[in-house]
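Residue numbers (full-length UniProt numbering): 1 to 68.
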């Protein structure tokens, strides 16, 4: 499965949209400062996710969410 997810920063309320095959590990990586684009803004909470069987569908949805 491929997951498209939305994180919310606990400090300032910023949102981050991402996509990954292992949602649990990726979420942990975000909060451990292992993701370059979010490491300076820890901590994060997971506020939404969707599961897809096809990576192309997940990528399409991720792009769509990032535009809104």
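Glycine included, each C-beta is placed from N, C-alpha and C at the ideal position. Values in this document were obtained by computation on a predicted structure and should not be read as measured data.
Out of the options, which has the shortest C-alpha to C-alpha gap to residue i?
i	options	result
residue 55	45, 32, 46, 18	18
CB-CB under 7 Å to residue i, same chain, minus the five flanking residues each way: which ones, in chain order?
i	result
residue 38	16, 30, 44
residue 14	41
So the alpha helix (DSSP H) residue i belongs to, where does it begin and stop?
i	result
residue 31	23 to 31
residue 57	55 to 67
Is DSSP giving residue i helix, strand or coil here?
i	result
residue 12	coil
Could you name the residues of the same chain whose beta carbon sits closer than 6 Å to that of residue i, not counting the 5 residues immediately before and after it, in chain order?
i	result
residue 50	4
Between residue i and chain C, is there a C-beta pair that is closer than 8 Å?
i	result
residue 40	The structure shown contains no chain C; it holds only a single protein chain.
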